[in-house]
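Worksheet: one structure, shown below.
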Amino acid sequence: MFGLVPFASRHDLAKEDNVFDRLLDVFDEPFMTSFKAPEFKVDVKDNGDSYDLTAELPGLKKEDISLTYENNYLTIATKKDEKSDEKDEKGNYVRRERHTSSMSRSFYIDNIDDAKCTAEYKDGVLAVHMPKTAKTEAKGHEINITDVA
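Each position in the sequence shown, counted from 1, maps to that position plus 4 in my numbering.
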């Protein structure tokens, strides 16, 4: 039980008032405060007749990136697999490591012509151009009310 007390709170245990209550207070503190899911920076610009999205994805290849548009959501997903093998002169493994990482972000963007969207990836930057659909004015008219006899 004492191993669960965060280091920063140990000085509070020396106080004279109810030490047992102070030990239980540790469960009110967040457990994994330093955990942060991987993410990437994205800028979306409204040009009036189109949107331009720029995503910073350094260290990835074009094959590691998936770009989909479905139900008005643009999703950028990445997956990178790294393998490192070290062998001795006989061909036996001395060290073998594998690392997999993935990230994903989705953006709600409606009224775009998904058939005309283009994307390019160069120097760690993904640029997506999304033309907007032509706005159709909602046509309305007056509805006549007739007398019912």
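The beta carbon of each residue, even a glycine, is placed where N, CA and C say it ideally should be. Everything numeric in this text was worked out from a predicted model, so none of it was measured.
Alpha-carbon to alpha-carbon, LEU64 and ALA138: 35 Å
Is PHE119 helix, strand or coil by DSSP? The sequence shown places Ala at residue 119, rather than the Phe named in the question. Looking at ALA119 - three-state DSSP - the assignment turns out to be helix.
Any idea what DSSP makes of ASP68, helix, strand or coil? helix
Per DSSP, ILE80 forms a beta bridge with which residues? LEU71, ARG109
How long is the line joining the alpha carbons of VAL129 and LYS94, rounded to whole angstroms? 42 Å
Might you give, ordered along the chain, the residues of its own chain that have their beta carbon closer than 6 Å to the beta carbon of ALA131, omitting 5 neighbours on each side? THR58, GLU124
How far does the beta strand (DSSP E) with ALA59 in it reach, from first residue to last? 54-60
Taking only the alpha-carbon atoms, compute the straight-line gap between ASN75 and ASP114 and give it to the nearest angstrom. 9 Å
Locate the beta strand (DSSP E) running through ASP47, then write down its first and last residues. 46-50
Below 8 Å on the Cβ atoms is my guess for LEU154 versus PHE44; work out the distance and round it to an integer in Å. This structure gives no information on residue 154, because the portion of the chain shown stretches from 5 to 153.
Output yes or no for whether 8 Å exceeds the beta carbon distance between SER110 and LYS83. no
Check each candidate in ARG100, ILE69, VAL48 and name the one with the smallest Cα separation from LYS126. ILE69
Can you find the residues in the same chain that come closer than 7 Å, C-beta to C-beta, to VAL98, ignoring five residues on each side of it along the sequence? GLU90, LYS91, ASP92
Span of the beta strand (DSSP E) around VAL132: 129-135
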